[in-house]
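Sequential numbering of the sequence shown, starting at 1, is according to UniProt numbering. These notes are about the structure you will find just below.
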Amino acid sequence: MRQVAGSITRFLKVTSVFAPASHAVPGLRCSLTVAGWRRAYSEGPLFGNHNNTFRTTTRQGAYGSTEVLNDDLMSDAIPTVKLEAELVNEHTSTYLPKAPIIVLHGLFGSRANNRTIARQLNERLERDVYLPDLRNHGASPHIGRHDYPAMAADIERFIREKEFEFKPIIVGHSMGAKVAMSVVLRKPDMCSMMVSIDNAPVATMPTTSFPRYATKLLEIINSKDIQTLKAADEALKAVENSVVIRQFLLTVLQRYKDEATGEWKFRSRIPLGILSDAIVKGNIANWEFNPWVHRWTGPALFIRGTQSHYIADEFLVDIGRFFPSFEIRDIDAGHWVNTEKPKECVDHIVDFIERHEDDTL
1 MRQVAGSITR FLKVTSVFAP ASHAVPGLRC SLTVAGWRRA YSEGPLFGNH
51 NNTFRTTTRQ GAYGSTEVLN DDLMSDAIPT VKLEAELVNE HTSTYLPKAP
101 IIVLHGLFGS RANNRTIARQ LNERLERDVY LPDLRNHGAS PHIGRHDYPA
151 MAADIERFIR EKEFEFKPII VGHSMGAKVA MSVVLRKPDM CSMMVSIDNA
201 PVATMPTTSF PRYATKLLEI INSKDIQTLK AADEALKAVE NSVVIRQFLL
251 TVLQRYKDEA TGEWKFRSRI PLGILSDAIV KGNIANWEFN PWVHRWTGPA
301 LFIRGTQSHY IADEFLVDIG RFFPSFEIRD IDAGHWVNTE KPKECVDHIV
351 DFIERHEDDT L
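This is how it looks when you write it as structure tokens:
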């Protein structure tokens with residue numbers, strides 16, 4: 001027993017590692033790491049949903065984030081794509097220029113998902129509202145890499161190329177919310193305000209629903225028997241009970257007539273293989289930034305659906321660490337709060353912008 005205990009003691013030899021002075025956190029004296037395990041941390045994930053860069057040099061922090069600055073997260077060398085976007089400007093003021101709003105959609109979505117709130121924001125705030133399609137979605141290009149630093153780099157390129165007179169206000173839902181958060185953490189001076197709709201700056205276990213959606217959509221595409229939208233909807237019922245969500249998923253599909261057979265078939269508007277791979281690897285559920293080295297002090301609004309779990313109460317501490325000037329608003333809705341309750345969403349966003357705009361000019 002003594003030999004076994006001695007072996008365990010040697011294997012679990014613990015050393016203290018003090019946080020660098022520049023990254024010190026009040027009240028934190030030291031952290032613990034296990035000797036001999038550091039190499040494993042640097043080569044791979046602690047959890048199955050950790051980052052795909054594998055460049056961590058110390059132990060993992062809360063929710064899978066790293067305790068040191070990961071240069072890959074902040075890199076400007078990430079390959080980007082030119083995003084397709086729609087501009088809503090019917091009610092834009094012609095005599096009083098204002099900061100534009102950029103609204104980002106979620107996973108499997110497109111700019112069409114946010115047209116309702118874009119029109120309302122444009123009418124009530126009298127400014128341009130842009131609706132980009134994120135990479136691998138809508139009409140934007142397809143590219144193998146699909147994670148938050150890369151999607152953020154695309155948006156940063158979009159903002160630079162537009163040469164806005166005023167710093168834009170960035171709004172995102174779900175996956176798009178994490179992209180918006182990534183942009184302001186990577187480039188703190190690029191945007192004036194940030195709004196996250198039903199997502200938090202934390203890494204979570206990958207959801208089981210989206211892989212099921214991707215698998216079922218691929219089955220529909222490859223099926224010879226599913227030729228109508230009604231049949232496709234029936235097939236989706238096997239993985240999703242909600243009519244609203246099934247209608248959302250059906251927008252991924254495009255119906256066409258096969259010239260060789262004369263039969264109607266479906267194809268995907270988005271690269272389901274790339275996105276499914278990103279989901280399974282945890283890139284969508286993951287969050288690699290760490291408040292010890294990444295923080296944004298500008299105005300930040302978090303809108304959550306009370307029937308959703310994406311901004312749980314226990315995540316509010318994490319939100320405060322990354323975004324110390326944050327506010328939170330609740331709406332009685334599920335995760336797709338922007339489509340379920342668009343007016344309520346717009347009410348909160350308009351109030352938020354009007355209260356903070358003079359402070360951000």
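Glycine residues also receive a C-beta, built at the ideal position from the N, C-alpha and C atoms. Everything numeric in this text was worked out from a predicted model, so none of it was measured.
Legend entry - Simplified DSSP state of Ile-155, which is helix, strand or coil: helix
Legend entry - Extent of the continuous alpha helix (DSSP H) run through Lys-178: 175–186
Legend entry - Per-residue burial, Asp-318 [other beta carbons within 10 Å of its own, 16 or more giving buried]: buried
Legend entry - Val-179, buried or exposed, once every other Cβ within 10 Å from all chains shown has been counted against 16: buried
Legend entry - Exposure of Leu-96, with buried meaning 16 or more beta-carbon neighbours within 10 Å: exposed
Inset, instruction - Return the residue from the list Asn-122, Ala-139 and Leu-83 that minimises the CA-CA distance to Ile-169. - result: Asn-122
Inset, instruction - Determine, using beta-carbon pairs with one atom in the stretch 75–90 and one in the stretch 153–163, whether at least three such pairs fall under 8 Å. - result: yes
Inset, instruction - Tell me whether Met-194 sits in a helix, a strand or coil according to DSSP, three-state version. - result: strand
Inset, instruction - Give me the Cα-Cα distance between His-348 and Ile-311, rounded to the nearest whole angstrom. - result: 16 Å
Legend entry - Cβ shell of Ala-139 (< 7 Å), same chain only, five flanking positions each side left out: Glu-84 and Asp-133
Inset, instruction - Taking all protein chains shown into account, decide if Asp-358 is buried (16 or more other Cβ within 10 angstroms of its Cβ) or exposed. - result: exposed
Inset, instruction - Identify, in the order they occur along the chain, each residue of the same chain with its Cβ nearer than 7 Å to the Cβ of Thr-9, setting aside the five sequence neighbours on each side. - result: Note that Thr-9 scores 36 on pLDDT, short of 50, meaning its location in the model is unreliable and no value can be drawn from it.
Legend entry - Distance CB(Cys-345)-CB(Ile-328) smaller than 8 Å: no
Legend entry - Whole-Å CB distance - Leu-272 paired with Ala-214, under 8 Å assumed: 5 Å
Legend entry - At least three beta-carbon pairs within less than 8 Å, the stretch 200–208 to the stretch 245–260: no
Inset, instruction - Rank Leu-185, Ile-245, Gly-282 and Pro-211 by C-alpha distance to the C-alpha of Asn-70 and give the top, closest one. - result: Leu-185
Inset, instruction - Give the DSSP-derived three-state secondary structure of Leu-121 in the structure shown. - result: helix
Legend entry - Check whether Arg-127 and Thr-94 have beta carbons under 8 Å apart: no
Legend entry - Span of the beta strand (DSSP E) around Leu-131: 129–132
Inset, instruction - Could you tell me which of Glu-340, Asp-351 and Trp-336 sits nearest to Leu-107, measuring between CA atoms? - result: Trp-336
Legend entry - Cα-Cα separation between Leu-316 and Arg-304, rounded to whole angstroms: 11 Å
Legend entry - Spatial distance of Ile-197 from Val-350 (CA atoms): 14 Å
Inset, instruction - Take the Cβ of Lys-257 as the centre, count every other Cβ of all protein chains shown within 10 Å, and call the residue buried at 16 or more, exposed below. - result: exposed
Legend entry - Collapsed DSSP secondary structure at Arg-55 in the structure displayed: Residue placement at Arg-55 is flagged as unreliable, the pLDDT there being 48, under the threshold of 50; a coordinate-derived value is accordingly withheld.
Legend entry - Spatially closest choice to Arg-267 from Pro-342, Ile-220 and Ile-117, by CA coordinates: Ile-220
Inset, instruction - Check Ile-169 in the structure and name its three-state DSSP category. - result: strand
Inset, instruction - Give the single residue among Pro-188, Met-181 and Lys-341 whose Cα lies nearest to the Cα of Glu-288. - result: Met-181
Inset, instruction - Say whether chain C places a C-beta atom closer than 8 Å to the C-beta of Met-194. - result: The structure shown contains no chain C; it holds only a single protein chain.
Inset, instruction - Just the C-alpha distance for Phe-302 and His-105, rounded to the nearest angstrom, thanks. - result: 15 Å
Inset, instruction - Taking Gln-254 as part of the beta strand (DSSP E), name the residues at either end of that continuous run. - result: 253–257
Inset, instruction - Compute the beta-carbon to beta-carbon distance between Asn-136 and Ile-274, rounded to the nearest angstrom, for a pair I have assumed lies under 8 Å. - result: 6 Å
Legend entry - Beta-bridge partners of Asp-330, as assigned by DSSP: Arg-304
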